[in-house]
Every structure is written in C-alpha cells, then in structure tokens.
Amino acid sequence: MLRPIRTLAAAAAALALVSACNSASDNGTRPGKPGQPSAGNTRGITADSIKVGGIVSMTTSSGYSKKDTDLGAKARYLRANAEGGVHGRKIDYLGAEDDGQDPGKNNAAARKLVQQDKVFAVAPMSSVTFSGADFLEQEKVPTFGWGTLPSFCGPKYIYGFNGCLVPSPGGTLNQTWPEGIATVLGGARGKSVAVIANDSDAGKFGIRTFQQGFASAGFTVAYAKASVPATAVPSDWSAYVKDILSGNGGKAPDAVISVMQTPNNIGLFTALKRAGFKGVLSDPTDYDPGLLAKDATKQALDGVHVLLQFEPFESDNPKMAQFKADIKAAAGGKEVPLNMHMLTGYMSADLFLSIAQKAGKELTVESFQAAAQGFSDTGTLVGDRSLPKGQKDSFGCGALVVLKNGAYQVSVPFKCHEPIPFK
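In terms of the numbering used here, the sequence shown opens at residue 533 and continues consecutively.
Quick look at the structure:
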C-alpha cells in the first residue's frame, strides 16, 4: 500500500468523504464500520491501512538537503508492509512534505497532513525548524523525528527516535561524546579539552552542556566559548586558533571539540593543523560520504573523530546489515551512499511501527498513547529505547568514527553510557 507521494490526492479526497472518522475533528466512528461508536480517535486508520506522512527539509536556500530522510522512512515502511503490516494493516506512506527549512512552510505542511491528508501519524519530521509542533500536539498526532529540538522534549504526542537530546533542568546529559574522547585519549585524567561553538543561542547552550559533560567525565575544560559568528564562516581563523592553543596556560589542549557545522569545522580544523596542533579533533556533524568527494575536504577532516548517536554504518551489527538491505530495496535495488538522514527517517519510522505493534489490533490515538507510555525495547540501532523516559532524556548511546585515508573507521564502538543530571 506504499504509494508515491502526490499521486494519492484524489484517493485521499474520496476516502475523506466516506471516512469522516479520519478527520482531525472526527466523529468517533470505527474504521470499516461507518456510523458505529469508536473507542477513540481513528483518524487515518481503515480496516486494512494506517496513513502516515512526513515533513522533511528536502530543499533549502543554502542547497543543504535532508531529502534522504524520506528514503529511510520509505525503506522501513516497505519492509513492514512486506512482513504483513501492523496487525494486518499496511502502512500507507504518503511521502514527505518539503518545508524548505522555513517555519511558515513547516507549519503549513503539518496542517496539510492532518486537515487535508488525514494522517494518523507524522514520521519522520526532520528539519531545523518545527513550528508545526504545537498544532500536531493539539491535534493529538503522534510525531517522530530526531530529538535535537526542544519540541521533542516534553509534549505528549511528539517523540525523538533516540530520545530527547535537548536537556532541561531536571533532565540528563548524554555522555557519549566525553566518554568517547576519553577512550581515544586513553583516559580523561590529566587531559584537557577546548570546546568552541557559534555565537548563537544554540551555540551558547551547546557550550553550557558540553562544558558540564566533559568536566563530569574527568577532563579539564581549558577553553569553552561560543565565539564564532553564526551568520558567516570566518575567512581568517588565526585569532580563534591562537585563543584555543593558549587557553590552557599557554599549553595546547589534548582535544578540540567543535559544536559547529561542516563549513566552520573545515576552516577551523585546517587552521589548527597548519598551526601544528597534534591533538584530537572532534565534531558531531561530519559523517557523510558526500564530504569525501573533494580532496580539500577529505584533507581537512582527515583524523577527525565524529560523534554518532546510532550504530555506525561500518558496524557488523546484523541490524545494520538489515538497514542497508532495506535502503537498497527502497532505492530500486541500487547501491546508494549511506548518510545519517537515511537513518533518521528509518529509525523514526521504526519507533512508530514498534509502538503501533504494541498498541494491538484496536488501534486508536488513545491506544497508541497508552502503548507508548509503557514501551521499551533493547538492542536497536540507537540502543535501548524506553518511554516516556525518552520524552525527557536521551537514550544515552552512541559511537565515534574517524576519517582515515578517505574512509570512515569506527574509533569507539557503539555503546550506552549512564547519563548525568543536567544542572
């Protein structure tokens, strides 16, 4: 029942006419039995299907795209349908709406999926903006994505596939990065780190969280500043490099941790290497085969340890082999370069499917939510999952990979670490 996006408009309109129970303000009829009372909200559910849509930044003004998130979700839904669906219901995945990384379009996409397409759930939602969150929460639409935004932390109907990654007072901090760097360095005792970020609200928050995390792991945090302009990549990094290398009483730190995006990382790491820095370099963004197409980029990122919050593609985990096979099937049997966007879509869909399976045959929003409140499983590509814990805390798992000679290698295997209280 997986159908191409946009080809379903006529069918969706017809279905809406005969299935008033599927509207955002449904009349409480049970799918397949018009006019009979329902135990709850069954929008988007028929006797043999569950309608799901996505919201993804497929296009952006900078050219950056998360479009492969849609392919990842499609891959997981295709396998679910091949295995018989969820209690006999196939997933009718409409594909992803493109929000263009624009708040207005994100909100419009959410409204379209609910009010026009009558979806039961939104999975995946992948964008740096999530202005549609309040609407989806109000309409009680189960929504799944990467929990890197505050909207994934707290609401009842919105879920991060690896938990909430935006800590708040009373919450916890994921220690994957500090513990991983400690492994690379042979321990944290007597070692120092420098943490640098953009001069923005997100950058300042990143400094606050990682400064606490690395200190808790036993490191001396010799430098921690959100000092790099957020609006443009500096053309001259010499002042930042001098500041970092002299921030520990004139002694270079053992590791430089960049909480920035790829263009900034390329500039900073290149400048540090030219200045003779021999320590560990690390960031959370540069795990993308597309970055290896240019020699200059490969050279800049060579030796950089990248934080992951899922099993590396290089892992020999059988579930990673399944992921690769599913992506290939969804791509029409072609081998395609893997990236984290694919896994974002795949694991968003996987968490939705897992909860829906637990909810049972009588699927409603209410039964889905009840199943989510007691949901847990182990050994997934993002570690051990548990709800409602994941709506406040991360699942605490991750790995590090390092770029060596133009290829990524696992430097710290995937592992779950006990989180620490966030202050």
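Backbone N, C-alpha and C define an ideal beta-carbon position, used for all residues, glycine too. As the structure is a prediction and not an experimental result, all values here were calculated from the model.
Three-state secondary structure (DSSP) at residue i?
| i | result |
| --- | --- |
| P766 | coil |
| A807 | coil |
| L833 | helix |
| T959 | Residue 959 is absent from the model: the chain starts at 533 and stops at 955. |
| Y609 | helix |
| D827 | helix |
| K955 | coil |
| L870 | coil |
| L813 | strand |
| T802 | helix |
| V660 | coil |
| S712 | As written in the sequence, residue 712 is Gly, which differs from the Ser given in the question. If DSSP states are grouped into helix, strand and coil, G712 belongs with the helices. |
| G617 | coil |
Thinking residue i and residue j are a contact (beta carbons under 8 Å), I'd like their distance in whole angstroms, please.
| i | j | result |
| --- | --- | --- |
| A787 | I887 | Actually they do not touch by this definition, with Cβ atoms about 38 Å apart. |
| V836 | D818 | 6 Å |
| G877 | D602 | 6 Å |
| G585 | V698 | Wrong, their Cβ atoms sit about 24 Å apart, outside the cutoff. |
| A726 | A758 | Not quite, the Cβ-Cβ distance comes to about 13 Å (not below 8 Å), so this is no contact. |
| E846 | V933 | 7 Å |
| M874 | D600 | 5 Å |
| L823 | W709 | With 8 Å as the limit, L823 and W709 do not qualify as a contact, their Cβ atoms being about 20 Å apart. |
| F652 | K736 | Rounded, the Cβ-Cβ distance is 38 Å, inconsistent with contact. |
| I739 | A756 | 5 Å |
| L883 | I577 | Rounded, the Cβ-Cβ distance is 18 Å, inconsistent with contact. |
| K890 | A881 | Rounded, the Cβ-Cβ distance is 15 Å, inconsistent with contact. |
Rounded to whole angstroms, what is the Cα-Cα separation between residue i and residue j?
| i | j | result |
| --- | --- | --- |
| S597 | M590 | 5 Å |
| K606 | D815 | 29 Å |
| D768 | I798 | 12 Å |
| I952 | L705 | 5 Å |
| G529 | K637 | The structure shown does not extend to residue 529, since the chain spans only 533 to 955, so no value can be given for it. |
| S581 | K622 | 5 Å |
| P563 | R575 | With a pLDDT of only 40 at P563, under 50, the local geometry of the prediction cannot be trusted, and no value is derived from it. |
| G627 | S778 | 51 Å |
| E843 | S926 | 15 Å |
| F693 | F676 | 6 Å |
| N849 | F855 | 10 Å |
| D649 | L668 | 14 Å |
| M657 | Y609 | 15 Å |
| S943 | N613 | 36 Å |
| P761 | A734 | 12 Å |
| E629 | I587 | 5 Å |
| Q905 | P920 | 5 Å |
| V673 | Y625 | 15 Å |
| R917 | D827 | 39 Å |
| Q901 | T802 | 48 Å |
| K688 | G922 | 11 Å |
| G898 | G808 | It is worth fixing the name first, because residue 898 is Glu in this sequence and not Gly. Rounded to the nearest angstrom, the two C-alpha atoms are 59 Å apart. |
| K805 | T715 | 22 Å |
| P869 | A861 | 13 Å |
| A959 | H949 | Outside the displayed range of the chain (533 to 955) lies residue 959, so it cannot be described from this structure. |
| L935 | Q831 | 9 Å |
| S593 | L717 | 39 Å |
From what residue to what residue does the alpha helix (DSSP H) around residue i run?
| i | result |
| --- | --- |
| F652 | No alpha helix (DSSP H) contains F652, which DSSP labels as neither H nor E. |
| K622 | It is not in any alpha helix (DSSP H) - K622 instead sits in the beta strand (DSSP E) that spans K622 to D630. |
| F667 | A665 to Q670 |
| G692 | Counting along the chain, G692 falls outside any alpha helix (DSSP H), though it belongs to the beta strand (DSSP E) covering I690 to G692. |
| K637 | P635 to R643 |
For residue i, verify whether its CB is less than 7 Å away from any heavy atom of the ligand GTP.
| i | result |
| --- | --- |
| P766 | With respect to the ligand GTP, the structure shown offers nothing to examine, as it has no ligands at all. |
In terms of residue numbering, what span does the beta strand (DSSP E) encompassing residue i cover?
| i | result |
| --- | --- |
| P674 | Taken as a continuous stretch (DSSP letters only), P674 belongs to no beta strand (DSSP E), as it is neither H nor E. |
| K947 | A939 to C948 |
| C696 | Run containing C696: none; DSSP gives neither H nor E here. |
| V934 | C929 to K936 |
- Could you pull out every unbroken beta strand (DSSP E) segment of at least 3 residues lying fully inside the segment 566 to 603, listed in chain order? Annotation note: the segment 566 to 603 contains the following uninterrupted beta strand (DSSP E) runs of length 3 or greater, listed N- to C-terminal: 581 to 588.
- Would you mind listing the alpha helix (DSSP H) stretches within the segment 717 to 799 that are 4+ residues and don't spill past its ends, in chain order? Taking only runs of at least 4 residues, the alpha helix (DSSP H) segments lying wholly in the segment 717 to 799 are 733 to 748 and 770 to 777.
- Item | In chain order, each alpha helix (DSSP H) run of at least 4 residues that lies wholly inside the segment 840 to 865 | DSSP runs (the alpha helix (DSSP H)) wholly in the segment 840 to 865: 850 to 862.
- Give, in chain order, every unbroken run of the alpha helix (DSSP H) that is at least 4 residues long and sits entirely within the segment 875 to 927. Counting only runs of 4 or more, we get 897 to 905.
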